[in-house]
Each structure stands twice: as structure tokens, then as C-alpha cells.
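Okay, so here's the structure we're looking at.
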Amino acid sequence: ADTSASVLLSGGFDGVFLSNGPGDPALLTGIVDQVRELLGNVPVFGICLGHQILAHALGGQTRRMKFGHRGSNHPVRDLALERVFITSQNHGYEVVEESLPADSVLVTHVNVNDGTVEGLRHRELPVFSVQYHPEACPGPGDSAYLFDRFLHMMNAFKEKQ
742 ADTSASVLLS GGFDGVFLSN GPGDPALLTG IVDQVRELLG NVPVFGICLG
792 HQILAHALGG QTRRMKFGHR GSNHPVRDLA LERVFITSQN HGYEVVEESL
842 PADSVLVTHV NVNDGTVEGL RHRELPVFSV QYHPEACPGP GDSAYLFDRF
892 LHMMNAFKEK Q
């Protein structure tokens, strides 16, 4: 968590994965600053807390939910695929959709039950995230496509270099 962007960028990595974790993302300003330095320099994929940190790095905000999302069987709609996936979740904060800069950030997934932001991507940079846990596989590999998407994004980014 305390690795600087300069160390990551000098490491020759194909991408950076922002994983889940506990806490209020609004308090992690140092990490948000480091992630902001990564944007456009390396592909980034965030989940859960990583999604919230990425939202802050892109200019958005988060807020504490009255009732968090806990457990499995949370339906999430992928807006591009027009499909609902059953997801596993464990978070008490949400990305505030109205705070995201609409000219550069697109909401990609929404929670079917309460309409909260469950995914986003940058319109031009190789950056995307989801609020839920695709690695948890609550369904039969429902969200494995996200890891394939990240691999394709990293390969495309390398080809441009």
C-alpha cells in the first residue's frame, strides 16, 4: 500500500491491480495521489477499495452507505454487455456518481437493488474498476471476463509503446 508510483513505474510492470481492503477511501489521500500518478502511464484495474481509490484519483468522491453490501448474490448490471452478474461484496462505502467527471469517466456497472455505482472506466485511459469481488466467484466464474479485459488492456497498451 505504501509503494510509490515512481517505484511501480520503474518496475517494468504491464499493469497495476488495486485490490480490496478495509477503511474509508477518503482518508487515503496519499495512496490516491500515488494512483493519480499512474493514470495514463500504466493500465490500472481496481476492485472494491481499489475501485473507490480509483474514483478519488479520477476526481470523484465516496460516501458511507447507510447499509453496506455484504455477502454473495448481489445482482450487478454490466451496462455495456446488458447482462446481470451475481456478485460477492463486502463494503460500506460507495462512489458518488454525481461526483465523477462525466467528460472523462463512464459508469459501467450498477447495483440492480439500489442503483449504486458498481463499476467505472476512464473514457480514454486504460483504467477501469468494479466495486464487487470478481475473484470471489459467487457464480460459475461470472466475472472472469474482467480479468481477460485487463489482460487485453495491458497487451494493447504495450503495443502502443
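According to my numbering, the sequence shown holds residues 742 to 902 in order. Ideal Cβ placement from N, Cα and C applies to all residues, glycine included. None of these values were measured; they are calculated from a predicted model.
| Asked | Found |
| --- | --- |
| Assign alanine 742 to buried or exposed, taking buried as 16 or more other Cβ atoms, counted over all protein chains shown, within 10 Å of its Cβ. | exposed |
| Mind listing, in chain order, the continuous beta strand (DSSP E) runs of no fewer than 3 residues lying wholly within the segment 781-857? | 785-788, 803-819, 824-836 and 846-852 |
| With a Cβ-Cβ cutoff of 8 Å, do glycine 791 and asparagine 831 count as a contact? | no |
| Could you give the distance in angstroms between the alpha-carbon of valine 907 and the alpha-carbon of methionine 895? | With the chain represented from 742 up to 902, any question about residue 907 goes unanswered, as that position is not in the structure. |
| Report the option in Gln802, Leu780, Leu841 and Arg818 whose CA atom is closest to the CA atom of valine 757. | Leu780 |
| Is it the case that the segment 824-839 contacts the segment 805-816, given that we only count it when at least three CB pairs across the two stretches are under 8 Å? | yes |
| For phenylalanine 754, which option in Lys901, Val785 and Val858 has the closest C-alpha, if you only look at C-alpha atoms? | Val785 |
| Specify whether the segment 814-829 and the segment 837-856 touch according to this definition: at least 3 beta carbon pairs, one from each stretch, less than 8 Å apart. | yes |
| Let me know the secondary structure DSSP gives glycine 771 once reduced to three states. | helix |
| Specify, as a first and last residue, the run of the alpha helix (DSSP H) that leucine 749 falls within. | 746-751 |
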